[in-house]
Amino acid sequence: MILEQFGWNGYFEAQACAGIPGRVASANHGRFLVWTANGEVDASVSGLLRRSSPLWPAVGDWVVLREGADVIVKVLERKTKLSRKQPEREVREQVLAANVDVLFIVSGLDRDYNERRIERFLVIARESGARPVVLLNKSDLADELGLDLAAVVARTAALSPGTRVVPLSALSDHGLDALPELVAPGETAALIGSSGVGKSTILNRLLGDERQRTNAVRAWDSRGRHTTTTRELFTMPGGWLLMDLPGLREVQLWATTEDLADSFDDIKELAGACRFRDCAHTGEPGCAVGAAGLDPARLANYLKMQGELANLKQKIAPRPARDNQPKRKMTKRSSRPHLNHDS
Ligand SMILES: Nc1nc2c(ncn2[C@@H]2O[C@H](COP(=O)(O)OP(=O)(O)O)[C@@H](O)[C@H]2O)c(=O)[nH]1
Ligand SMILES: [Mg+2]
Ligand SMILES: [Zn+2]
């Protein structure tokens, strides 16, 4: 069955309902390129879904189209969901991608390499439910940059014990063979990282002959005008799928403090031995975390993200209703979020 080539499985089958199932291969200003068993459809979202559903389709989503119309009437429950806090003042979740099984966190070994950013992406991955793999691209530049590649790999691996770190060079094809082995047929992987780290180059190399498929595709904008957009989801030789996400330099967390703690196993374990149960690990007497001699930058990054998440939790906590307060004037909601390029 062709849908299986797009990642369809029992999890989604169990939710199927009347209509035509399809997978969102790209999302662009309220228009969605949807793969169905009968081919590609350029779809919009039904008025009812727009008004009533908290789920707005994201790339990777399985959706249901109304029979005979290019309209999405339902978004199936997601297996995993990659989110960040929308980079605006409003405290809202932005789903970057849905149903990703493996998250390739890509760094360039040139100026982009930043352990703190990798730690942040690891928390995002933890929250999403996808298995993270760290890719250190542009290994061909290591000599030129005076880097000891093995040492950088070891340092990166120490950020998250158990997480695979793969050095590679998309330019010279070196190390790329490791990637397909990390994703089972029918599974979906996604490439995330700053702009310029080589995500599209990696995708093109893995596609081989089919590399022209990364070219822009024709699509329609929200006013029905013809535009071009970039496809985001690709079927790969070997039967897996790969998603190329736009460059994200800044990722504000949309996660819980538990996701953070799980992502920093070392700190979590040490914290159990702190004298005070609510120790903040900022110089308290008997602090086992402070005494352990961790990399201060790693601890500082942990504490920074912890502060960010505490703040987020406070902001999204529902405020107690007060009947005697004057009703707030309704303000027009901004249009639904779409994935914007940050860098
Ligand atoms: N030296 C070197 N350059 C690379 C490598 N991979 C990608 N690049 C270059 O990095 C630049 C950005 O690549 P691109 O794939 O567009 O990055 P993206 O923004 O993450 O999609 C391009 O000029 C690529 O040729 C690599 O392995 N080694
Ligand atoms: Mg790109
Ligand atoms: Zn402590």
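Numbering (the numbering used here), first residue to last: 245 to 587. For every residue, glycine included, the Cβ atom is placed at its ideal position computed from N, Cα and C.
Check: Rounded straight-line distance, which links the Cα of Asp488 to that of Ser438; Outcome: 12 angstroms
Check: Proximity test, Cβ basis, 7 angstroms: Leu504 and chain D; Outcome: Reference to chain D is not applicable here, since this structure consists of a single protein chain.
Check: Near ligand 3: Val346 beta-carbon under 6 angstroms from a heavy atom; Outcome: no
Check: Span of the alpha helix (DSSP H) around Ser438; Outcome: Careful: Ser438 lies outside any alpha helix (DSSP H) and carries neither H nor E.
Check: CB of Trp498 within 7 angstroms of CB of Ser327, strictly; Outcome: yes
Check: Thr501 to Phe276 span [Cα, whole Å]; Outcome: 33 angstroms
Check: Where Phe250 falls: helix, strand or coil (DSSP); Outcome: coil
Check: Expected contact under 8 angstroms - CB spacing of Ile316 and Ala287 to nearest Å; Outcome: 5 angstroms
Check: By C-beta, the residues closer than 5 angstroms to any heavy atom of ligand 3, given in chain order; Outcome: Cys518, Cys523, His525, Cys531, Val533
Check: Ranges of the alpha helix (DSSP H) found wholly within the segment 288–360, counting only runs of at least 4; Outcome: 291–296
Check: CB-CB length for Val278 against Val319, believed under 8 angstroms; Outcome: The pair is not a contact, with the Cβ atoms about 11 angstroms apart (cut-off 8 angstroms).
Check: With 16 other Cβ atoms within 10 Å as the buried cut-off, status of Arg267; Outcome: buried
Check: Ala422 to Val378 span [Cα, whole Å]; Outcome: 12 angstroms
Check: The alpha helix (DSSP H) enclosing Leu393, as first and last residue numbers; Outcome: 393–401
Check: Where the beta strand (DSSP E) containing Leu477 begins and where it ends; Outcome: 477–479
Check: Enclosing alpha helix (DSSP H) for Gly442 [first to last residue]; Outcome: Unbroken run through Gly442: none, as it is neither H nor E.
Check: Sequence-distant residues of the same chain with beta carbon closer than 7 angstroms to Val186, five excluded per side; Outcome: Residue numbering for the chain in the displayed model covers 245 to 587; residue 186 lies beyond these limits and cannot be assessed.
Check: Simplified DSSP state of Ala521, which is helix, strand or coil; Outcome: Per the sequence presented here, residue 521 reads as Arg, with Ala not at that position. Coil at Arg521, not helix or strand.
Check: For Pro424, three-class secondary structure by DSSP; Outcome: helix
Check: Cross-strand partners of Glu284 (DSSP beta bridge); Outcome: Trp279
Check: Sequence-distant residues of its chain with Cβ nearer than 6 angstroms to Arg375 (five each side left out); Outcome: Val346
Check: C-alpha distance - Ala535 paired with Gly551, whole-angstrom precision; Outcome: 21 angstroms
Check: C-alpha gap between Asp539 and Ser413, whole angstroms; Outcome: 28 angstroms
Check: Local conformation of Asp387 per DSSP, three classes; Outcome: coil
Check: Touch test, the segment 333–347 against the segment 419–434, Cβ-Cβ under 8 angstroms, three pairs minimum; Outcome: yes
Check: Three-state secondary structure assigned by DSSP to Ala262; Outcome: coil
Check: Extent of the continuous beta strand (DSSP E) run through Leu486; Outcome: 485–488
Check: Local Cβ density within 10 Å of Arg355, reported as buried at 16 or more and exposed below that; Outcome: exposed
Check: Contact set for Pro581: own chain, Cβ-Cβ below 8 angstroms, skip 5 residues either direction; Outcome: In this prediction, Pro581 has a pLDDT of 46, which is less than 50 and means its spatial position is unreliable; nothing more can be read from the coordinates.
Check: CB-CB length for Gly628 against Val289, believed under 8 angstroms; Outcome: With the chain covering only 245 through 587, there is no way to say anything about residue 628.
Check: In DSSP terms, what Thr432 is bridged to; Outcome: Leu485
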